[in-house]
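Read through the structure below, which is laid out as structure tokens, and then see the notes.
There are 6 protein chains.
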Amino acid sequence: MRPSGRKPDELRPVRLTRHYTCHAEGSVLVEFGNTKVLCTASVEERVPPWLRNKGRGWVTAEYGMLPRATGSRNDREAARGKQQGRTIEIQRLIGRALRAAVDLEALGERRVVLDCDVLQADGGTRTAAITGSYVALVDACRLLVKQGQIRRSPLMGQIAAISVGIYNGTPVLDLDYAEDSEAETDMNVVMNEARGFIEVQGTAEGHAFRRDEMNAMMELAEHGVAQLIEIQQAALAD
Amino acid sequence: MRPSGRKPDELRPVRLTRHYTCHAEGSVLVEFGNTKVLCTASVEERVPPWLRNKGRGWVTAEYGMLPRATGSRNDREAARGKQQGRTIEIQRLIGRALRAAVDLEALGERRVVLDCDVLQADGGTRTAAITGSYVALVDACRLLVKQGQIRRSPLMGQIAAISVGIYNGTPVLDLDYAEDSEAETDMNVVMNEARGFIEVQGTAEGHAFRRDEMNAMMELAEHGVAQLIEIQQAALAD
Amino acid sequence: MRPSGRKPDELRPVRLTRHYTCHAEGSVLVEFGNTKVLCTASVEERVPPWLRNKGRGWVTAEYGMLPRATGSRNDREAARGKQQGRTIEIQRLIGRALRAAVDLEALGERRVVLDCDVLQADGGTRTAAITGSYVALVDACRLLVKQGQIRRSPLMGQIAAISVGIYNGTPVLDLDYAEDSEAETDMNVVMNEARGFIEVQGTAEGHAFRRDEMNAMMELAEHGVAQLIEIQQAALAD
Amino acid sequence: MRPSGRKPDELRPVRLTRHYTCHAEGSVLVEFGNTKVLCTASVEERVPPWLRNKGRGWVTAEYGMLPRATGSRNDREAARGKQQGRTIEIQRLIGRALRAAVDLEALGERRVVLDCDVLQADGGTRTAAITGSYVALVDACRLLVKQGQIRRSPLMGQIAAISVGIYNGTPVLDLDYAEDSEAETDMNVVMNEARGFIEVQGTAEGHAFRRDEMNAMMELAEHGVAQLIEIQQAALAD
Amino acid sequence: MRPSGRKPDELRPVRLTRHYTCHAEGSVLVEFGNTKVLCTASVEERVPPWLRNKGRGWVTAEYGMLPRATGSRNDREAARGKQQGRTIEIQRLIGRALRAAVDLEALGERRVVLDCDVLQADGGTRTAAITGSYVALVDACRLLVKQGQIRRSPLMGQIAAISVGIYNGTPVLDLDYAEDSEAETDMNVVMNEARGFIEVQGTAEGHAFRRDEMNAMMELAEHGVAQLIEIQQAALAD
Amino acid sequence: MRPSGRKPDELRPVRLTRHYTCHAEGSVLVEFGNTKVLCTASVEERVPPWLRNKGRGWVTAEYGMLPRATGSRNDREAARGKQQGRTIEIQRLIGRALRAAVDLEALGERRVVLDCDVLQADGGTRTAAITGSYVALVDACRLLVKQGQIRRSPLMGQIAAISVGIYNGTPVLDLDYAEDSEAETDMNVVMNEARGFIEVQGTAEGHAFRRDEMNAMMELAEHGVAQLIEIQQAALAD
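Chains as they are written, first to last, in full-length UniProt numbering: chain V, 1 to 238; chain W, 1 to 238; chain D, 1 to 238; chain S, 1 to 238; chain E, 1 to 238; chain R, 1 to 238.
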């Protein structure tokens with residue numbers, strides 16, 4: 001039995017609110033139950049130094065958590081003068097995941113920064129961030145096309161992500177904090193709309209996991225991402 | 001004529017949403033028109049080293065802006081490894097302002113941190129942060145009383161803040177970004193419910209301002225803060 | 001009764017020593033009683049990146065305190081790797097104050113840095129720094145004119161600053177450390193030679209201050225700055 | 001055809017040299033072909049603050065690359081004052097992997113630090129580091145038992161790691177730099193001696209990978225780790 | 001011929017002004033010609049963590065240059081967030097030199113910090129700093145004895161320092177900036193009152209120096225330090 | 001009697017292994033007994049900003065110690081975000097020493113970085129680093145000549161370094177850690193093949209040293225460096 005009463009293969013209610021803030025080229029509030037992440041896509045007409053004059057653009061991500069997004073307050077990283085290892089690991093994952101969906105040559109010599117800021121955390125913030133950032137990125141690309149800055153969208157695929165894990169011996173989909181902090185295994189899976197894998201990161205928290213457990217988690221992930229892909233499409237159709 | 005069509009002494013619509021996030025002891029979204037700041041109050045059962053065993057508590061504030069809260073993206077301070085001078089100046093102001101309302105001995109040996117994070121900026125973020133933080137602080141103190149950790153609220157007064165300035169030669173109340181960026185003088189005023197001044201910070205941006213202009217701005221500020229005090233009370237009465 | 005025996009509207013002895021060190025374009029030791037600040041103006045033939053090729057110059061300030069300028073030793077900021085919030089707040093104030101006196105286009109594409117280093121502190125270091133920096137800035141501008149680098153001085157006004165406050169219930173001028181550490185209200189006022197206000201920063205340390213108290217402090221400040229303006233002129237006439 | 005002429009399921013020559021340096025409790029040079037990593041295990045009789053007086057120990061890892069371990073020189077992280085995101089990601093992986101093999105209560109209130117310094121890089125440094133660190137950790141634990149500081153080894157399993165990937169459309173084992181920089185998919189797999197998975201991290205570099213490709217890579221990884229487990233045992237039997 | 005017209009073995013005018021600032025336990029302005037360094041000795045009733053409860057004290061030094069102590073402005077180290085290599089090298093030298101004169105057990109569990117801040121630089125700042133710091137340290141120790149905190153002075157010897165070098169092929173004493181920037185060899189020598197060497201640091205700037213040149217420089221240094229020892233004694237006798 | 005049983009003027013066994021790693025233009029493992037330092041020379045086709053377009057090159061050094069190169073583990077400087085004072089002092093010494101052997105104009109507009117990383121420490125790491133770096137630098141210069149990038153080697157002399165000191169009242173050559181930690185005086189001497197001095201750094205650890213002791217140490221240093229010069233030549237002749 002899951003703490004939330006959900007079935008093992010049941011997602012939390014997922015909500016994508018586009019145009020959540022007014023300045024960014026793409027701005028999406030993504031909610032997976034009580035997890036709330038604001039994802040903005042900012043377009044800048046310049047690329048990092050090592051990409052200059054190569055005819056290609058860049059997509060990168062930054063991740064942050066408001067100090068009181070969690071049950072007890074975390075130090076503000078800006079005040080400590082340093083991002084935590086966990087933060088760096090997560091933002092690198094988000095960046096890699098989204099770049100997998102973009103034709104960087106078609107983007108042209110510009111940079112898109114995806115800022116993922118967790119307003120409220122209840123497990124699964126990194127996969128929510130990837131799922132929401134994709135929608136923000138679509139909005140930003142549509143704007144570039146609309147403004148005539150690029151002829152066609154540089155997006156080559158659709159990206160969503162979900163966490164799966166083994167909780168109390170049972171493979172479950174979309175772990176909330178109560179599950180995540182007790183899970184024996186925790187796995188984050190990033191996929192595209194064609195059921196292709198972009199990134200798989202699984203960690204045994206308690207004991208090592210077996211091939212069959214891994215297969216069961218992959219099944220759940222495919223099932224969950226398929227739903228997220230539809231939720232993204234519905235949001236983008238509005 | 002103001003860009004927004006407001007009268008010189010007219011506030012933007014102000015909204016205070018309590019319990020905006022679920023983990024903090026106090027959590028308030030404050031909106032002054034398009035300016036949106038999330039203010040959380042976190043209670044910690046410890047004080048800074050220089051206050052240990054003195055029977056007194058501490059109230060402090062931290063301020064941040066999401067990278068794309070503004071028209072063009074600002075570097076993330078956590079990634080740059082350093083808070084900007086402007087950030088430090090603002091969070092010191094917020095902390096001083098709120099401490100003016102608190103009996104630190106009545107608070108006991110605990111620390112309250114007010115985190116003010118700007119989700120969307122359109123001028124006046126620091127005064128909005130003070131106004132919203134006060135409400136978050138009340139909620140946190142009420143909880144401490146309710147939990148029996150302190151016998152009575154350590155709050156000794158009510159605090160609100162507003163910006164005033166001289167725009168196109170006319171003293172105006174509550175400047176938005178369009179006005180702020182063009183204003184000849186910009187002044188932030190923190191007051192209590194008894195019309196006492198907690199902090200006054202006025203800066204000539206263009207030419208020096210005269211005593212009579214200063215007096216006119218002070219009048220506007222008193223007028224504006226009086227309304228904010230009522231709006232806070234209404235929000236806290238819910 | 002003031003600890004120093006001064007009358008409420010009495011300045012400490014103020015001394016401005018020009019050419020205090022030999023390398024800087026302007027170098028002034030400013031003394032307000034026991035407060036001693038070395039202010040140097042350095043001219044650099046380049047502007048910050050965001051001002052390049054705009055035909056305008058820049059004036060900025062940096063503030064520091066020698067570790068043992070005060071009663072007990074403070075950590076050296078260079079060794080800690082970080083400027084304190086107080087330092088940043090002060091140097092931003094000094095920079096804004098002095099820029100208010102300069103026609104940045106007439107200055108041309110160059111930068112003037114005002115370094116204000118406190119050799120000995122006894123209250124009022126920031127207002128002393130502004131008052132002394134103005135004289136150093138005049139010397140630097142005169143040199144630029146003399147060397148033929150600019151045709152006329154870019155200075156558009158004269159700037160001086162003083163602290164006022166409420167000590168033991170009485171408004172007083174030019175607080176020393178003994179008063180400052182006990183004051184109920186502390187206000188720093190920057191003005192020009194035409195009695196215009198450049199910056200006003202007042203903080204209630206104990207209880208909130210009233211409009212009439214504020215007016216009394218403003219009177220004192222006008223009275224004090226008028227004297228400082230004359231002292232600066234006398235120093236510059238030598 | 002692989003650049004090195006190896007078969008798809010063929011490891012590079014792997015060498016483990018124990019007691020490579022003289023001061024550390026465990027010190028192992030691990031070589032996978034031209035990749036050379038020095039892994040030391042240092043035992044400290046103290047734990048991080050958050051673990052004090054809990055009767056448990058801690059195992060952590062730090063990773064570094066000598067500036068010229070690679071084809072072109074990288075900035076020294078100590079001189080830049082910051083570890084790269086890649087470094088942080090890798091050392092977190094190594095730490096998690098090794099902790100999975102340790103009964104932290106049996107270790108007692110002490111900390112083991114695994115320092116993995118790459119002397120020469122040719123792909124697969126993180127999996128080599130895990131494989132070598134395990135041997136260094138065994139040596140350190142044996143010493144603790146021998147010195148009578150703990151009664152039995154806190155090691156609960158054997159850990160090794162290998163990279164797999166898809167190169168030119170073919171799943172291959174143990175990628176060297178020439179392959180890694182061209183691979184379509186790159187996956188690092190950490191396993192124990194019982195074929196249990198500790199960590200799986202797979203990233204699509206070019207196009208998304210399919211379930212069947214993932215399965216093929218997992219097979220190769222199992223095959224490779226099984227050999228590494230034997231090589232570790234042989235080294236430890238000396 | 002030296003730029004200053006001095007003879008090869010001639011010191012610049014040396015001046016030691018005690019009680020230059022009012023807060024420090026020792027405060028000395030040392031001048032070697034145009035080189036002016038403010039040396040303060042601060043006594044703190046605590047020792048660094050690694051010395052706690054060992055019955056011994058510590059003496060350390062910090063060095064800084066005001067940004068415009070030199071011909072062109074140097075970045076403020078506090079603003080850059082980092083001390084330069086040169087600064088660190090110098091302050092380590094000063095600390096070692098002064099510790100050589102102190103019986104750390106007789107000092108008791110307290111720390112003396114010698115802050116050496118260059119107000120104006122014209123070569124030889126580090127040796128001036130050592131020579132002036134010694135006098136500040138004597139004043140601080142005398143105060144400790146006078147206050148009854150220690151029974152006898154912990155000073156075991158007298159320390160002074162001078163630079164020597166080879167300029168235009170001739171060994172010279174006490175190089176000023178004009179000489180220093182052109183010198184073929186530059187050597188800093190720290191000695192005690194018994195002609196014993198505390199530290200010798202010689203660097204060939206142009207070509208390597210010979211044993212006989214080294215001997216000639218050592219002679220000059222002995223000659224110069226002997227005079228400085230007398231100047232210190234005269235200053236301390238006032 | 002020395003702890004190692006060596007005679008006062010006896011070097012430890014010295015070994016220079018060229019081509020120790022495969023990527024660098026020069027790569028030498030230098031061993032002085034148990035002290036092992038990896039010295040790599042990296043050629044970069046660019047110079048620091050302040051040298052651009054001046055027709056000259058640059059040679060610089062960086063020094064590091066693996067965390068467990070010593071008896072107890074030192075914090076990793078990259079993780080602490082700061083190089084220690086000792087590290088900075090040493091790498092500045094190495095850089096100055098090697099630059100003394102190079103005609104920077106003949107090197108052309110390129111930079112050689114000498115990375116000296118201590119794998120195992122037993123005293124004398126800085127002098128070993130200088131001695132080994134010279135050989136790595138020769139290899140890098142030979143490669144530049146061979147590749148036709150410069151016509152002749154920019155090396156103008158041969159550089160080696162050794163430590164000398166006073167141990168138990170006796171001047172000794174090449175101190176190991178057991179001696180170094182007990183020595184009364186410690187001196188590092190850098191010389192060239194013509195017995196010229198490049199750098200001399202002597203520090204009294206216990207009592208001040210006399211002229212005759214200094215002379216005795218210089219004799220030992222000359223004796224030691226003469227042998228190192230031959231060992232370098234033999235290594236380079238292979």
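Every residue, glycine too, gets a C-beta built ideally from N, C-alpha and C. As the structure is a computational prediction, the values presented were derived from the model and not from experiment.
Proximity of Pro48 (chain V) to chain W, defined by a Cβ-Cβ separation below 8 angstroms, is not satisfied.
Close CB contacts of Gln158 (chain W) within its chain, under the 8 angstroms cut and outside five residues either way in sequence, are with Ala101, Tyr134, Asn192, Glu193, Ile229, Gln232, Gln233 (chain order). Using a Cβ-Cβ cut-off of 7 angstroms, Gln120 (chain S) is close to nothing in chain V; its nearest Cβ partner there is about 24 angstroms away. Between Leu119 (chain W) and Val37 (chain W), the CB-CB gap stays under 8 angstroms. At a Cβ-Cβ threshold of 8 angstroms, Gln91 (chain S) and Glu62 (chain S) count as neighbours. Contact annotation, Gly124 (chain S) with Asp174 (chain S): C-beta distance approximately 6 angstroms; criterion of less than 8 angstroms satisfied. Taking a Cβ-Cβ cut-off of 9 angstroms, Arg6 (chain D) has no neighbours in chain E, whose nearest Cβ is about 19 angstroms from it. Residue burial is scored here from C-beta neighbours: Asp212 (chain W) has fewer than 16 other C-beta atoms within 10 angstroms and is therefore classed as exposed. Here DSSP, grouped into helix, strand and coil, assigns Gly165 (chain E) to strand.
Taking a 10 Å sphere around the C-beta of Met218 (chain D), we find 16 or more other C-beta atoms and assign the residue as buried. Under the Cβ criterion of 8 angstroms, Gln201 (chain E) is counted among the residues facing chain R. Counting along the chain, no beta strand (DSSP E) covers Glu205 (chain E), and no H or E run does either.
Between the beta-carbon of Cys22 (chain W) and that of Cys116 (chain W) there is about 18 angstroms, and that puts the pair past the 8 angstroms contact cut. In the DSSP assignment, no residue is bridged to Thr70 (chain D).
Between Thr35 (chain V) and Ala140 (chain W), the alpha-carbon positions lie close to 22 angstroms from each other. Between Glu199 (chain E) and Leu51 (chain E), the C-beta spacing is not below 8 angstroms. Counting along the chain, the unbroken beta strand (DSSP E) around Met65 (chain E) starts and ends at 58 to 65. Within the stretch 70 to 95 of chain V, the residues whose Cβ lies closer than 7 angstroms to any Cβ of chain S are, in chain order, Gly85, Ile88, Glu89, Arg92. Taking 8 angstroms as the CB threshold, Ile130 (chain E) stays off the interface with chain R. Residue environment: Arg12 (chain V) is assigned as buried (16 or more neighbouring CB atoms within 10 Å of its CB, all protein chains considered). The Cβ neighbour count for Ser42 (chain R), taken over all protein chains shown within 10 Å, is at least 16; the residue is labelled buried.
Against chain E, the CB of Ile198 (chain R) has a partner CB under 8 angstroms away; the residue lies at that interface. Within chain V, no C-beta atom comes less than 8 angstroms from the C-beta of Arg56 (chain S); the nearest is roughly 15 angstroms away. About 4 angstroms separates the beta carbon of Ala183 (chain W) from that of Gly165 (chain W), a gap short enough to meet the 8 angstroms contact definition. For Arg195 (chain S), the number of other beta carbons within 10 angstroms of its own is below 16, and it is reported as exposed. Gln120 (chain W) is bridged by DSSP to W:Lys36.
Residue pairing by DSSP places Glu77 (chain D) in no beta bridge whatsoever. Using beta-carbon distances, Asp180 (chain S) does not count as an interface residue toward chain R, since no partner is under 8 angstroms.
Within chain W, no residue has its beta carbon less than 8 angstroms from that of Leu155 (chain V); the closest one is some 20 angstroms off. For His207 (chain E), the nearest beta carbon of chain R is closer than 8 angstroms to its own beta carbon.
DSSP lists no beta-bridge partner residue for Asn215 (chain R). The beta-carbon separation of Ala221 (chain W) and Ile130 (chain W), rounded to 13 angstroms, does not stay under the 8 angstroms limit for a contact.
Between Leu16 (chain V) and Ala235 (chain V), the C-beta spacing is below 8 angstroms. Phe197 (chain D) is positioned such that its CB atom lies no closer than 8 angstroms to that of Ala226 (chain W). Contact annotation: in the stretch 213 to 230 of chain V, residues whose CB is within less than 9 angstroms of a CB in chain S are Glu213, Met214, Asn215, Met218, Glu222. Neighbours of Arg210 (chain S) in chain V, taken as residues at a C-beta separation under 7 angstroms, are given in chain order as Gly196.
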